[in-house]
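First the structure, in the form of structure tokens, and then the observations on it.
If you want it as structure tokens, here you go:
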């Protein structure tokens with residue numbers, strides 16, 4: 008699974024430096040909770056997740072206690088740092104497979120969290136869901152506990168594509184899950200993956216059409232990235248499956264943008280489309296806007312005011328740290344002014360409202376030349392650029408990373 | 137076995153009758169240095185304890201490659217029938233690039249030991265040097281070395297040598313530098329057959345410089361052979377070519393460590409130190425005389441070394457440019473033949489256009505720059521010197537293909553060499569094919585022995601500077617040997633092929649090639665760059681052109697997707713670090729117009745597979 012970045016040593020008590028207070032009022036607060044359980048590991052996945060045999064004695068119940076301890080610890084750290092009391096604007100349960108837990112268990116975690124960090128009114132509370140784990144009853148329990156949104160891991164509508172991905176869910180269950188979620192009053196989103204080895208253009212079209220047919224509020228479409236160390240990477244290395252072709256990935260992205268656009272979805276981030284402004288994922292946007300969030304759970308990443316840290320990966324190590332009263336952080340980094348600017352450029356360029364050109368200029372005084380070239384190359388919207396914002400065109404979205412490299416000089 | 141001499145003859149007072157000056161002519165790997173080591177041990181000038189392999193080869197590169205670049209002279213005592221003699225062994229460079237230095241070394245001797253590997257027979261370079269030695273009227277002592285090897289065929293090769301130089305196969309000595317067998321007999325024979333030097337002790341001093349070495353502690357050490365008169369410490373000496381006067385700070389002989397003496401007399405070989413810091417002030421071939429009582433006529437044969445092959449040398453890290461300049465300045469102190477001037481390349485940045493005597497010289501210089509000065513370098517494909525005459529009569533000398541004139545060219549003259557190739561007869565076919573493919577014209581072909589053939593060709597130098605030698609070696613399983621000598625200029629049907637990247641000329645890839653080969657070169661180089669240059673945000677045409685005519689075209693399709701799908705669980709750090717890494721990589725990119733080319737792509741395109749210039753120590 009993916010290696011964590013290298014960083015500085017994190018203090019045992021998790022204490023934050025005074026610098027996090029700078030501009031804290033202007034940043035919204037969010038929470039991510041990582042549920043590191045899966046029934047099986049999918050061949051492409053390098054997320055921090057474990058099947059039951061890999062858990063070294065950690066159980067769902069013991070894990071929930073650990074999570075509860077980390078929430079308590081975070082309260083202490085926030086108070087000690089004199090951070091202002093802010094309400095949570097969004098909560099996101101990701102994994103792994105959060106729905107490996109009972110709906111009541113998820114509700115209890117949310118309750119524990121909101122006892123310490125009250126929810127803002129209209130806050131978005133999402134969980135990822137495996138369509139095989141859920142039904143109307145499950146969603147109704149979540150809704151009653153305060154959940155507002157569910158993101159269903161659909162990936163593809165084509166059984167042969169799902170098989171390459173090692174996804175075991177029954178494609179028909181996706182429709183049932185979405186229907187149940189809607190019935191329970193939850194907002195709905197589905198995740199799709201394009202560029203799976205062997206997936207044809209038509210098969211991708213079929214998946215997109217199926218997702219549109221579900222009449223969800225929000226669709227994420229991620230290109231498959233072959234992560235080193237995964238079973239899929241090994242299969243490609245051995246020649247058992249073909250390496251995804253970047254040009255074909257680009258074709259598929261363009262098809263997605265076209266079909267989703269026709270169906271009334273508008274892009275608001277490179278990989279995310281929404282039916283309306285109200286159904287954009289507030290949690291997702293928090294990442295791209297460099298807001299503050301606590302990441303709870305093993306391997307979770309946090310960002311508070313220019314300090315980024317990440318927890319130890321294994322649930323058992325995570326438990327040990329918390330049981331001895333320490334922070335589960337493995338390492339952290341305190342970002343310099345220029346680094347924060349660099350991050351803002353690479354993050355904000357990805358969203359539909361775009362990036363303030365002044366931000367780029369404060370890092371790179373000769374940005375004007377790059378921007379003028381980007382306009383000529385049709386990577387950014389010319390009118391927006393003249394008005395002072397960099398907003399990516401369709402072509403620009405596909406080449407965002409190249410443009411970021413040019414912008415930071 | 138002759139005993140080691142009990143006494144040594146005092147330099148400066150040695151009777152020329154008791155002096156023997158000789159050199160060893162041998163092919164690389166035929167064991168010259170090992171034989172020299174045995175002589176040093178046997179005559180007692182180096183004791184067994186301080187003996188190290190190949191004592192005379194001082195530079196690391198020399199020892200590693202088993203070749204001699206800089207020659208030296210060693211004085212050794214040897215006793216025959218109760219009389220002590222002074223033997224001066226003058227070590228000659230063994231490679232064709234240094235023919236001029238070889239010829240000066242030979243001119244300092246009265247005799248030569250022709251050393252041939254008893255398992256391999258004579259090779260082309262040895263033949264060339266043997267020819268030079270015979271031209272200089274040197275007494276030749278044929279010797280077969282490595283007779284301890286199981287594969288040795290002394291009878292066969294003794295026959296071959298006798299055919300070449302006359303005499304009987306039985307006259308050919310058999311030695312083993314490794315075990316020392318026969319070395320004493322050889323020393324006796326040197327005393328017996330090599331004539332003693334003859335000169336006028338009372339004439340104004342004339343000493344010929346046969347080598348000049350830069351030593352970082354002592355400045356330039358000049359090796360000379362006294363022809364007439366004598367030189368003494370503290371005298372003021374004059375270089376006859378430049379009229380420059382220096383004070384003689386130290387004079388002495390090497391045996392083999394330097395030993396100061398009271399001077400050098402007729403026929404003696406030794407060294408001079410004047411405090412000069414640059415070998416250019418003490419040039420090989422020049423005549424040294426006494427400034428107070430100068431000789432009227434310089435010794436014959438002096439000439440300035442002229443570069444034959446040029447190459448652009450660039451630091452891989454552009455910030456190393458000042459270090460490269462400094463390194464070249466230092467190297468120049470010890471290498472009078474090295475020429476260079478600053479040059480700028482679109483593809484490679486700032487560097488130097490360097491002139492070399494030949495391919496081995498080029499390779500040795502780049503290797504010394506990298507090794508002794510810790511530089512990472514890239515050299516452009518070697519090029520020869522073209523003399524271009526324009527329609528309007530203007531004449532231009534072109535040492536860099538990118539400077540080839542664009543106007544109406546009337547004629548282009550290119551350097552021609554006479555190449556001698558020796559190989560077992562089974563390979564004659566492939567060698568002829570190779571030479572014909574390189575615009576070679578056969579001069580003659582003759583059998584040296586039963587199964588070995590000598591082929592002589594005239595070839596354009598440009599055709600052999602690239603990968604000819606490697607091709608020759610690979611097509612003959614390493615059996616063929618090559619030697620070449622300059623043979624003037626000849627008119628060639630030559631054109632310049634330029635490489636254009638998105639319409640911008642990339643100077644490092646301009647090449648002057650024969651008209652018939654332009655297309656092949658164009659296809660090769662465009663194809664290669666297409667593989668090596670990463671996709672850009674836009675389509676990049678790669679064209680090869682003669683003037684404005686495109687002869688080959690490839691294109692790199694535009695990159696369509698370069699964006700990460702997501703940041704896993706808010707792991708922004710990972711994405712940022714990836715970006716920072718890419719940014720570092722971008723710094724190493726060279727810009728050709730808007731095209732970002734990784735320096736590695738240029739380097740990979742410039743280094744052809746197996747393109748290793750010059751002769752290496754072959755196994």
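Residue numbers (the working numbering), protein chains in the order written: chain P, 8 to 416; chain Z, 137 to 755. All residues carry an ideal CB built from backbone N, CA and C; glycine is no exception.
When the beta-carbon positions are compared, residue 126/P and residue 95/P come within less than 7 Å of each other. In chain order, 168, 249, 251 place their CB closer than 6 Å to the CB of residue 160/Z, counting only its own chain and leaving out the 5 sequence neighbours on each side. Between residue 550/Z and residue 574/Z a beta carbon distance of about 13 Å is seen, past the 8 Å cut, so the two are scored as non-contacting.
Between residue 628/Z and residue 433/Z, the alpha-carbon positions lie close to 41 Å from each other. Measuring C-alpha to C-alpha distances from residue 669/Z to each of 257/Z, 735/Z, 402/Z, 144/Z identifies 735/Z as the nearest. Within chain P, 12, 14, 308, 315, 317, 340 have C-beta atoms less than 8 Å from the C-beta of residue 709/Z, given in sequence order. Taking a C-beta distance under 7 Å as the contact criterion, residue 305/P and residue 710/Z do not qualify as a contact pair. Taken in chain order, the complete alpha helix (DSSP H) segments of 4 residues or longer contained in the stretch 436 to 475 of chain Z are 457 to 470.
Distance from the CA of residue 563/Z to the CA of residue 607/Z, rounded to the nearest whole angstrom, comes to 13 Å. For residue 546/Z, the uninterrupted beta strand (DSSP E) run begins and ends at 545 to 560, by DSSP. For residue 270/Z, same chain residues with a beta-carbon under 8 Å away, outside a window of 5 residues either side, are 276, 301 in chain order. Shown here, residue 253/Z sits in a strand according to DSSP, grouped into three states.
For residue 712/Z, the nearest beta carbon of chain P is closer than 7 Å to its own beta carbon. Closest option to residue 184/P, judged by alpha-carbon separation, among 211/P, 169/P, 222/P: 222/P. Interface residue (Cβ-Cβ distance to chain P less than 7 Å): residue 638/Z is not classified as such.
Take the alpha-carbon of residue 321/Z and the one of residue 332/Z: they are about 18 Å apart. Judged by their CB atoms, residue 367/Z and residue 400/Z are nearer to each other than the 7 Å cut-off. Look at residue 537/Z here: in three-state DSSP terms it is helix.
Around residue 701/Z, the beta-carbon contacts reaching into chain P at under 7 Å are 229, 230, 232, 278.
At a cut-off of 7 Å between C-beta atoms, residue 409/P counts as an interface residue with respect to chain Z. Counting C-beta atoms within 10 angstroms of its own C-beta, residue 337/Z has fewer than 16 neighbours from the protein chains shown and is therefore classed as exposed. Burial is judged here by how many other beta carbons sit within 10 angstroms of a residue's own beta carbon; residue 253/Z has at least 16 and is buried.
Using beta-carbon distances, residue 254/P counts as an interface residue toward chain Z, with a partner under 7 Å. Distances from the CA of residue 592/Z to each of 154/Z, 565/Z, 554/Z, 615/Z were compared; the closest alpha carbon is that of 554/Z. When secondary structure is reduced to three states using DSSP, residue 354/P falls in the helix class. In summary, residue 378/P is buried, with 16 or more beta-carbon neighbours lying within 10 Å of its beta-carbon over all protein chains present. Secondary structure of residue 235/P (DSSP, three-state): coil. Residue 37/P is positioned such that its CB atom lies no closer than 7 Å to that of residue 81/P. Nearest in C-alpha terms to residue 682/Z, of all of 636/Z, 674/Z, 706/Z, is 636/Z.
Listed along chain P are 412, 415, each with a C-beta nearer than 8 Å to that of residue 719/Z.
Counting C-beta pairs with one atom in each stretch, the stretch 324 to 342 of chain P and the stretch 45 to 61 of chain P have fewer than three that are closer than 8 Å, which means they do not touch. Chain order gives the chain P residues near residue 697/Z as 230, 253, 254, 256, 257, 260, 405, 406, where near means a beta carbon separation below 8 Å. For residue 316/Z, the three-state secondary structure derived from DSSP is coil.
A contact is defined here as three or more CB-CB pairs under 8 Å, and the stretch 277 to 286 of chain Z meets this definition with respect to the stretch 322 to 329 of chain Z. Close CB contacts of residue 461/Z within its chain, under the 6 Å cut and outside five residues either way in sequence, are absent. By the rule that beta-carbons nearer than 7 Å mark a contact, residue 350/P touches chain Z.
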